[in-house]
Every structure is written in structure tokens, then in C-alpha cells.
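Engineer: Be aware that the sequence shown starts at 1, since it is given in the numbering used here, and climbs by one per residue.
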Amino acid sequence: MTRFALVGAGARAGMFVRALTDHAGVAQLVALADTNPARLAVHNRRLEDLGRKPVPAYDAADFTEMLRRERVDVVVVTTVDRYHEQYLVAAMEAGCDAVTEKPMTVDAASCRRILETSRRTGRSVRVTFNYRYNPLHEAVKRELRQIGEIGSVHFEWLLDVRHGADYFRRWHRDKANSGGLLVHKAGHHFDLVNWWLDDGPDQVFAAGRLFFYGEQGRRHGYARDYDRAHGAAAAEGDPFALRMADEPAMRELYLRAEQHDGYLRDRNVFAPGVTIEDDMAVLVRYARGASMSYHLTAYAPWEGYRVMFNGSRGRLELEVVETDHVAPASAAGVKGEPGSLSTAERGWRRLLIRPFWAPPREIEVDGYSRQGHGGADVRMLADLVRPDPPADPLGRSADAVAGARALLTGLAANESLATGQAVRVHDLLDLEELS
Ligand SMILES: NC(=O)c1ccc[n+]([C@@H]2O[C@H](COP(=O)([O-])OP(=O)(O)OC[C@H]3O[C@@H](n4cnc5c(N)ncnc54)[C@H](O)[C@@H]3O)[C@@H](O)[C@H]2O)c1
1 MTRFALVGAG ARAGMFVRAL TDHAGVAQLV ALADTNPARL AVHNRRLEDL GRKPVPAYDA
61 ADFTEMLRRE RVDVVVVTTV DRYHEQYLVA AMEAGCDAVT EKPMTVDAAS CRRILETSRR
121 TGRSVRVTFN YRYNPLHEAV KRELRQIGEI GSVHFEWLLD VRHGADYFRR WHRDKANSGG
181 LLVHKAGHHF DLVNWWLDDG PDQVFAAGRL FFYGEQGRRH GYARDYDRAH GAAAAEGDPF
241 ALRMADEPAM RELYLRAEQH DGYLRDRNVF APGVTIEDDM AVLVRYARGA SMSYHLTAYA
301 PWEGYRVMFN GSRGRLELEV VETDHVAPAS AAGVKGEPGS LSTAERGWRR LLIRPFWAPP
361 REIEVDGYSR QGHGGADVRM LADLVRPDPP ADPLGRSADA VAGARALLTG LAANESLATG
421 QAVRVHDLLD LEELS
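Rendered as C-alpha cells:
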């Protein structure tokens with residue numbers, strides 16, 4: 001029986017807590033830690049609702065003591081991104097393996113410390129790149145060989161005005177916490193491309209800005225005059241205002257926990273203090289020669305993505321519309337929360353191989369779901385939690401080096417935004433030396 005502890009008892013933690021109860025025959029959640037006692041209590045109440053006993057709840061300051069006292073084997077890190085590194089390093093120093101939410105961390109110095117600690121202690125870090133486990137993305141990995149050698153990739157990702165807006169309401173809006181969306185969000189996409197191409201970034205150039213949200217975005221005419229939505233008359237009817245009081249999970253995880261740390265989950269997306277971008281273009285040259293043009297937009301009317309591969313034997317095209325619009329009634333919801341998807345919002349997907357001199361061929365993909373990141377989360381959790389995971393012929397499991405490689409594309413893009421120059425990834429961190 002593997003003994004797991006989790007640090008960072010927010011929304012995402014719920015998925016891991018549930019998974020550990022689902023796999024209770026082989027895995028056991030033995031402790032939780034967070035800086036906020038109210039959120040710790042929420043997860044323990046949920047455990048009781050699932051018919052389990054509550055587990056010891058620790059203040060995050062006693063993390064190392066928790067590992068010792070509870071004889072922890074594996075730590076799951078689901079804190080705010082900027083704190084991942086301190087827990088990953090402390091866990092490995094204490095002899096534990098670690099599983100961390102993406103991004104592995106938010107800067108090159110802390111990435112180096114994670115890799116060095118892993119190498120020195122012999123402990124592992126796995127990064128939960130759940131997008132790899134999406135059946136459509138697995139199909140891309142399998143089918144890419146049909147189009148020969150890859151010359152280039154064209155990748156566009158759209159976050160709609162519900163999901164995209166959510167990064168501008170809370171801690172992600174400060175680049176120091178999240179690394180900005182090039183690290184926090186695009187890291188998923190950069191990892192997919194590294195994995196699909198079996199390659200890594202060499203040189204990166206980026207252009208981007210805060211265009212739609214923040215104080216700069218007020219000129220577009222959507223901004224209302226309030227700082228946080230809860231209790232603000234001006235937030236009534238605002239499609240960007242999160243209504244926490246109406247939603248039980250939001251109420252207990254955030255509204256009733258504010259008194260302990262002042263964490264506001266529902267800030268006005270146009271309020272001052274946003275230091276991240278919402279519109280980003282990136283050009284990447286990969287080590288083996290392919291190139292990628294990438295765009296991330298966080299204020300789109302619909303949500304989904306298009307990724308196109310140009311190959312020596314044709315083209316592979318994946319188009320996914322997760323939601324074709326945001327229905328007004330569910331505009332203020334949070335993606336992934338129960339009831340957040342309106343039935344009026346439609347989705348579709350298409351995976352095509354376009355050989356030369358022949359009609360396009362559609363690839364049918366089973367197992368896709370509109371919940372849990374395309375059905376990826378459940379599949380990934382079985383892989384992470386079980387000592388006898390399902391076979392992984394596609395190599396979906398991501399280690400610390402894969403975590404670093406995805407992160408480095410985003411960090412290099414951030415550096416390029418700051419300097420206006422193309423950035424050699426090697427100048428940020430030498431992965432050869434560290435892996
Ligand atoms: N892979 C995915 O699809 C996916 C989806 C959602 C979130 N995530 C990741 O999960 C992580 C958590 O995101 P979330 O949405 O649950 O955020 P959240 O704000 O709901 O939870 C973050 C938790 O971290 C705690 N925390 C803050 N500072 C801390 C510290 N110094 N020490 C210990 N705990 C601290 C907070 O109290 C809070 O409970 C992030 O890294 C995010 O990138 C991944």
C-alpha cells in the first residue's frame with residue numbers, strides 16, 4: 001500500500017483525493033497540508049461524505065514533520081504554482097517521491113533545484129500532464145507516423161471568455177505566482193508538442209500583451225466598477241463576475257476560507273494588478289529542425305484548438321471545438337465544475353489525415369469525453385496512483401525532464417517578451433547537464 005500525502009488543498013486537490021479513495025486497495029491518502037485550515041477541513045468533510053475517515057490535516061509550515069510522522073511514500077503537490085518547488089525539494093530530501101501538478105515550477109532557478117535534487121536523492125518527480133492522456137491526443141501520437149517526417153506545426157489554442165477570464169480573477173493574474181499563461185497554460189501545449197514530436201525546444205521568439213483584461217482592457221467597454229464580485233451591486237449581470245455564493249463548492253472552498261488568508265477568488269478581471277498576458281504568439285525552433293507557430297488567446301468567443309502538422313507524406317489536422325459559444329446563463333461558472341456546461345453549448349472534433357494526391361481520411365477516436373479534460377484525468381490518475389499501472393506504450397507518463405522541457409519553452413517565450421529578442425533555451429538551463 002503506497003502512502004500518499006497532498007499539499008495544496010484547493011480545487012484541483014479534490015480530483016486527487018477522490019482518486020486515492022477510488023484506488024483505496026493499493027493507495028492510501030494519509031495526510032493533507034495547506035496554509036488555509038478551512039480548505040483542509042473541506043477536503044476532510046468530502047472524505048467523510050465518501051464514507052472514509054478524515055485524515056490528519058497539517059499547517060503547511062509543518063510539511064516535513066508531516067512526512068516523517070505519517071510515514072509518507074509519495075507527495076502530491078497541488079499548491080499555487082510558485083510554491084511547487086519548495087515542496088518537491090523538501091519531499092525528495094525527506095526520501096519521498098513526488099507527483100506535481102503542472103507547471104512543474106515557474107522559473108529556471110527553481111527548475112534547476114528540482115532536477116538537481118532528484119538526481120542527488122534518486123527520488124522521482126512526475127508531472128501531471130493530463131492532456132497526454134486525452135484519447136484524441138493519444139491518437140495524434142499514434143497516427144503522426146503516417147505523414148512521415150514532420151517539417152512544421154501550426155497550433156492555435158482559444159480560451160473562451162468564461163475559462164480564459166478565470167485566470168484574471170485570482171492568483172494567476174500575478175506573473176510571480178503562475179509564470180503567466182505561457183508557463184501556466186501553454187505549458188500543456190508545449191509539452192504535447194515535445195511528446196508528439198519526441199523533440200525539445202531550441203530557440204524561441206514571442207510577441208504578446210495584455211489586450212482584453214486588466215486596466216488596459218477597460219477601453220473595450222466591458223469593465224464595471226467593483227474590485228471583487230461578491231457583495232458588489234455593480235457586479236450584478238456582469239458576465240465576467242464569478243458568483244461564489246450560489247455555488248456550494250465555491251462557497252466552502254473560497255468564500256468561507258477568506259478570513260484565514262484573504263485569498264479572493266472573484267476579483268474583477270479588469271481590476272488593477274494584472275501582470276500576465278492574454279494574447280500571445282510564439283515561434284519555436286525544435287532541436288531536430290521542425291518549427292512551430294503557436295498562438296494562445298484568453299478572450300475568445302468559443303473554446304477549443306487547432307493543431308496542424310505538415311509532414312513529408314502529407315498533413316495531420318486536429319480540430320476540437322470544446323464549446324462553440326458561452327451561454328449567458330453559464331458565463332459566470334467555472335470550467336470543469338458541475339453544471340458549468342450549458343446544453344446550448346455545442347462541441348465537435350475532427351482528426352484528419354490528408355495524404356498527398358488522395359482524399360482526406362478521418363480517424364475515428366473512441367473514449368473522448370467533454371468532461372475531465374477530454375476524459376484524460378481519470379486515465380492519468382490510474383497511471384499515477386496504481387503500483388500496477390496500465391501498459392503505457394505511448395510513453396504518456398511525464399518525468400521531471402519532460403516537466404522542465406515544457407516549462408523552458410514558456411520561460412524562453414517570457415524572456416523573449418521582455419527583451420524583444422529570440423532566446424536560446426540552452427541559455428536558460430542546460431538540460432543535458434542536469435538529466
Ligand atoms: N492539469 C490541469 O488540468 C489543472 C487544472 C487545474 C489546476 N491545475 C494545477 O493545480 C494547482 C492548484 O490549482 P487550483 O486551481 O486547485 O488552485 P486553488 O487556488 O484552488 O488551490 C491552491 C491551494 O494552494 C494553497 N496554497 C497557497 N499557498 C500555499 C503555500 N505556500 N503552501 C501550501 N499551500 C499553499 C491554497 O491555500 C489553496 O488551497 C496549480 O498548480 C494548477 O496549475 C492543473
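For glycine and all other residues, C-beta sits at the position ideal for the given N, C-alpha and C.
Taking the beta strand (DSSP E) that E258 falls in, what are its first and last residues?
Structural biologist: Looking at the DSSP string, E258 is not in any beta strand (DSSP E); the run it does join, the alpha helix (DSSP H), is 258-261.
Engineer: Does the separation of the CB atoms of Y87 and M380 fall below 8 Å?
Structural biologist: no
Engineer: Taking 8 Å as the threshold, find out whether the segment 211-226 comes into contact with the segment 303-311 through three or more Cβ pairs.
Structural biologist: no
Engineer: Answer yes or no: do N194 and G187 have a C-beta to C-beta separation smaller than 8 Å?
Structural biologist: no
Engineer: Count the CB pairs spanning the segment 203-213 and the segment 277-288 that are closer than 8 Å, and state whether there are at least three.
Structural biologist: Three or more beta-carbon pairs separated by less than 8 Å link the segment 203-213 to the segment 277-288, which places the two stretches in contact.
Engineer: For E156, collect the residues of the same chain with a Cβ closer than 7 Å to its Cβ; drop the 5 residues on either side in sequence, then sort them by chain order.
Structural biologist: H295, Y305, R306
Engineer: V26: which of V74, W171, A249 sits nearest, CA to CA?
Structural biologist: V74
Engineer: Once you ignore the five residues that flank A413 on each side, which residues in its own chain have a CB closer than 6 Å to its CB?
Structural biologist: L182, V204, A206, V282
Engineer: Where does M66 fall in DSSP's three states?
Structural biologist: In the structure shown, M66 adopts helical secondary structure according to DSSP, grouped into three states.
Engineer: Going by beta-carbon coordinates alone, are V269 and Y226 separated by less than 8 Å?
Structural biologist: no
Engineer: Go to Y87, then tell me how far its alpha helix (DSSP H) extends in each direction, as first and last residue.
Structural biologist: 84-93
Engineer: Take every Cβ of the segment 368-386, pair it with every Cβ of the segment 160-167, and state whether three or more of those distances are shorter than 8 Å.
Structural biologist: no
Engineer: I need the boundaries of the beta strand (DSSP E) containing F155, first residue and last residue.
Structural biologist: 150-160
Engineer: Does the Cβ-Cβ distance between L32 and L50 come in under 8 Å?
Structural biologist: no
Engineer: Restricting to Cα atoms, I'd like to know which of I353, Y299, E252, D198 is closest to A290.
Structural biologist: D198
Engineer: Tell me whether N310 sits in a helix, a strand or coil according to DSSP, three-state version.
Structural biologist: Strand, per DSSP.
Engineer: Could you compute how far the alpha carbon of L20 sits from the alpha carbon of S312?
Structural biologist: Taking the straight line from one Cα to the other gives about 45 Å.
Engineer: Report whether the distance from the Cβ of T35 to the nearest heavy atom of ligand 1 is below 7 Å.
Structural biologist: yes
Engineer: Go to H163, then tell me how far its alpha helix (DSSP H) extends in each direction, as first and last residue.
Structural biologist: 163-166
Engineer: Is R126 closer than 8 Å to D399 when the C-beta atoms are compared?
Structural biologist: yes
Engineer: Would you say H172 reaches chain C, if we count a Cβ-Cβ gap shorter than 8 Å as a contact?
Structural biologist: The structure shown contains no chain C, having only a single protein chain.
Engineer: Flag this pair as yes or no: are the beta carbons of G111 and A404 separated by less than 8 Å?
Structural biologist: As written in the sequence, residue 111 is Cys, which differs from the Gly given in the question. Against a cut-off of 8 Å, the Cβ pair of A404 and C111 comes out as a contact.
Engineer: Give the single residue among A91, V106, A139 whose Cα lies nearest to the Cα of T121.
Structural biologist: Measuring from the Cα of T121, the nearest candidate turns out to be A91.
Engineer: Does the beta carbon of W83 fall short of 7 Å from some heavy atom of ligand 1?
Structural biologist: For the record, residue 83 in the displayed sequence is Tyr; it is not Trp. Flag set: Cβ of Y83 near ligand 1.
Engineer: Using only the alpha-carbon positions, how far apart do S369 and M1 sit?
Structural biologist: 31 Å
Engineer: Can you find the residues in the same chain that come closer than 8 Å, C-beta to C-beta, to D392, ignoring five residues on each side of it along the sequence?
Structural biologist: D383
Engineer: Compute the beta-carbon to beta-carbon distance between G180 and I114, rounded to the nearest angstrom, for a pair I have assumed lies under 8 Å.
Structural biologist: Contact doesn't hold; Cβ gap of about 19 Å is too wide.
Engineer: Please indicate yes or no: does the CB of V7 lie closer than 7 Å to some heavy atom of ligand 1?
Structural biologist: yes
Engineer: Under a three-way DSSP split, which group does R169 fall into?
Structural biologist: coil
Engineer: Can you list the beta strand (DSSP E) stretches of 3 or more residues lying completely in the segment 306-393, in chain order?
Structural biologist: 314-323, 348-355
Engineer: When the Cα of R145 is compared with those of V425, L316, Q371, D388, which residue comes out closest?
Structural biologist: L316
Engineer: Am I right that R12 and E101 are in contact with their C-beta atoms under 8 Å? What's the rounded C-beta distance?
Structural biologist: 6 Å
Engineer: Residue range of the alpha helix (DSSP H) that T21 falls in?
Structural biologist: 13-22
Engineer: Please state whether the Cβ-Cβ distance between V106 and T128 is less than 8 Å.
Structural biologist: no
Engineer: Given the structure, does E258 come close to ligand 1, in the sense that its CB is under 7 Å from one of the ligand's heavy atoms?
Structural biologist: no
Engineer: For L264, collect the residues of the same chain with a Cβ closer than 6 Å to its Cβ; drop the 5 residues on either side in sequence, then sort them by chain order.
Structural biologist: R228
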